[in-house]
Amino acid sequence: MHKVISAHLKKFVTEQSFEQLEVSKQFERFSNFCIVYKFYSIRFDVNNVTSEDDDCGIDGIALIVDGELVTTIEEVKQIFKRTKKNMSVQVIFIQSKTSEKFDRGEILKFSDGVLDFLSDSPNLPQGDFIHQSKELFDLVIENAPKIVHGKPDCYLYYVTTGKYGKERELEATFVNTRNRITDSGFFNNVSVIPIEKDELIKLWLFTYSGVEAKIEVKGYTPYPEMSGIAEAYIVIVPAKNFVSNVLSDEDGKLRNFIFHENVRAFLGQENSVNKMIQNTLISEKIQQERFGIMNNGITIISPNVKVQSDSIYMENFQIVNGCQTSNVLYENRDSLSENTMLALKVVEATNPDVISDIIRATNNQTKVEEIQFLSLQPIIRKVEEYFEAVSVDSDDEIKLYFERRESQYVGLEIAKNRIFDIKEASIAAASMFLERPELAVRYPTQMVEELNEELFNDSNKEVIFYTASLALYRIKLLIGNKKISSDFSKYKWHMLMCLKYIITGEKGPNLTSTKMEKFCQKIINICKNMNDKNLDKFKKVENLIKHTGDVSRDRLKGKPYTEELKKLIHSQRSK
């Protein structure tokens, strides 16, 4: 393996606690992470898109449905319940080799593996990951009438650490692969993409260097000086330039991640308001030229804004209001004229509270469910402050960071496994203290909303989020270095609940109780120092779960298995 790739891989492995995996398995996860991040630039568990088995010629599979990475049947069903009829779907297959050459035989195996995956009667060996991914894929196909163009798009990535010289034989092999997958009839567009060393490095750097854009300006007016805001401008820009330089990546695909802070997802072009926007864009020339006056415009927040006479530069920006307009502009980009203008409100701000105020204020025109303002809730702000306070007195080994806003710690050289966003910290707390780990397995994206009132009560003690995150961090490290079985990642949410009982012997006080701090401290003390005595607590959890036998994913999703674990804990303690 090339030394440069090896250096980047080492950083990834350290951040993700994959030190004890074989190099080939480390590289598979590295490749999968870099490629999937290109489509889904929000925190995700790379294990959920990686095959553990050497079967089928596929190392990674990811399904992106309506901008969301789906990993369970329940998530797919929930998304397709939406009223939209033109959802975008991307199906991604990845094969990774540490070799420094592109091997035609291996490419053909990859092609055969994908075709076998698509078959209703597969002949190649398939492990649990492939089976689960096929179930997700089949459900997506069942909902084809709700997918834009009636079919998903497909991407095959073949990754090596070498240099791709576009040799004639290899080029023909990739073309033939694309034709074979296209002929399956499952996909609208099929792309087969070789990833060489330099391209892989580029993808990796993107995962932590953020995004930037420079757009043409037809005119701008600065706002007067305001507290908490470094700079702010009202800007007039050509719509075509905005689409190509802000909304689109270098491949021309929509940057879905720049809408992460927008509380309202794209509602589709069938939505009545969006239909009106579209009609304006595809109507006669005079109507389109009036677009900038007829539309309310778009609000963008960036930590770094630079304005020149004819351009504006932004880094790590988020569109916090204007998701609908942006998506309709992108969908109708070929209809835009040079005279179609757009009004932007560009704000340079870094204070999370100021950003939250702007998001709430710019999204109060129509009804938005309070769950979508999760990062603005008082309890979440207090949790952030709690993590910061604890961090001051923590050893570097267990220093954790709470990410209230997406990309909050970009560029600060903080290992990703130490950063817990709202979703992960909340799921951990709900699994440990509300004892609902089965929901984390079944509904990882809906769980937080379902337990909203109970979990985010303003009177809850912030320590529950920190304690559960610290325990989860320790579990991931122990699995990563194989002190706990490597296949135990699927049990991590149930392990949190069990660990609480193993350490404290009880369910614990109410989440609002003043006794919670003392209760959680017992768990924190065990998780802070991994000596043999404390490690034994985690090993007891491992043995407890092993006692229940090999548990299927369907069984993990059910409340009965959660109750079975609790009964087993109590029965063993009574002996």
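Numbering of the sequence shown is given in my numbering, commencing with residue 690 and proceeding in unit increments.
Backbone N, C-alpha and C fix where the C-beta goes; we use that ideal spot for every residue, glycine too.
Pull the bridge partners of residue i from the DSSP assignment, please.
i            : result
residue 847  : 784 and 883
residue 943  : 937
residue 910  : 923
residue 1030 : 927
residue 1037 : 920 and 991
residue 1008 : 989
residue 996  : 1001
Ends of the alpha helix (DSSP H) at residue i?
i            : result
residue 1017 : 1012–1020
residue 980  : 980–983
residue 1215 : 1205–1217
residue 1230 : 1221–1235
residue 962  : 961–971
residue 1243 : 1242–1245
Following the continuous beta strand (DSSP E) through residue i, name the residue where it begins and the one where it ends.
i            : result
residue 1000 : 1000–1004
residue 915  : No beta strand (DSSP E) holds residue 915; DSSP gives it neither H nor E.
residue 903  : 901–905
residue 1186 : It is not in any beta strand (DSSP E) - residue 1186 instead sits in the alpha helix (DSSP H) that spans 1181–1193.
Thinking just about the alpha-carbon of each residue, which of the options is nearest to the one in residue i?
i            : options                   : result
residue 719  : 775, 1007, 783 and 867    : 783
residue 941  : 727, 1250 and 1229        : 727
residue 1019 : 967, 787 and 768          : 967
residue 789  : 817, 809, 811 and 692     : 692
residue 1127 : 1094, 1110 and 1186       : 1186
residue 875  : 832, 851, 910 and 905     : 832
residue 791  : 863, 734 and 767          : 863
residue 1235 : 997, 1179 and 1207        : 1179
residue 1103 : 1181, 1155, 906 and 896   : 896
residue 982  : 1213, 697, 1033 and 1197  : 1033
residue 1196 : 1259, 1237 and 1221       : 1259
residue 694  : 851, 1047 and 1250        : 851
residue 739  : 729, 725, 1049 and 732    : 725
residue 865  : 1183, 845, 1021 and 1006  : 845
residue 1250 : 944, 1125 and 805         : 1125
residue 1009 : 987, 1001 and 998         : 987
residue 842  : 870, 816 and 1066         : 870
residue 1022 : 956, 816, 943 and 1037    : 943
residue 1255 : 1183, 1208 and 1205       : 1183
residue 1051 : 1027, 1080, 1011 and 1015 : 1011
residue 1048 : 1007, 1171 and 1156       : 1007
residue 979  : 936, 948, 1017 and 928    : 928
residue 772  : 1173, 1130, 1229 and 957  : 957
residue 1086 : 1107, 1068 and 1066       : 1107
residue 1115 : 1147, 1136 and 1097       : 1136
Under the criterion of a Cβ to heavy atom distance below 7 Å, does residue i qualify as lining the ligand MN?
i           : result
residue 768 : Annotation note on the ligand MN: not contained in the displayed structure, which lists no ligands.
Measure from the C-beta of residue i to each C-beta in chain B and report whether the shortest distance is under 8 Å.
i            : result
residue 1086 : Protein chain content of the structure displayed is limited to a single chain, and chain B is not contained in it.
| request: List in chain order: all unbroken alpha helix (DSSP H) runs of 4+ residues lying wholly within the stretch 1081–1162. | output: 1111–1122, 1126–1131, 1136–1139 and 1141–1144
| said: Taking 8 Å as the cut-off, does the stretch 883–899 touch the stretch 909–917 (at least 3 CB pairs, one atom from each stretch)? | reply: no
| field | Those runs of the alpha helix (DSSP H) which lie wholly inside the stretch 697–779 and span at least 4 residues | value | 712–728 and 762–769
| query | Are the stretch 1029–1048 and the stretch 958–965 touching by the rule of at least three beta carbon pairs closer than 8 Å? | reply | no
| How do the stretch 1144–1157 and the stretch 1072–1085 stand: do at least 3 beta-carbon pairs fall below 8 Å, yes or no? | yes
| query | Just checking, does the stretch 701–711 make contact with the stretch 772–788 on the three C-beta pairs under 8 Å criterion? | reply | no
| message | Would you call the stretch 1115–1127 in contact with the stretch 732–747, where contact means no fewer than 3 C-beta pairs closer than 8 Å? | response | no
| field | Segments assigned beta strand (DSSP E), at least 3 residues, entirely inside the stretch 797–870 | value | 842–848
| query | Does the stretch 1186–1198 come within contact of the stretch 1236–1247, defined as at least 3 CB pairs closer than 8 Å? | reply | no
| Stretch-stretch touch, CB-based, cutoff 8 Å, three pairs: the stretch 763–772 with the stretch 792–800 | no
| message | Any contact between the stretch 1134–1142 and the stretch 1199–1211? By contact I mean 3 or more CB pairs, one from each, below 8 Å. | response | no
| Between the stretch 893–913 and the stretch 855–862, do three or more beta carbon pairs fall short of 8 Å? | no
| Three or more C-beta pairs closer than 8 Å, one from the stretch 994–1009 and one from the stretch 902–912: is that the case here? | yes
| request: Inspect the CB distances between the stretch 1154–1173 and the stretch 1205–1214 and report whether three or more fall short of 8 Å. | output: yes
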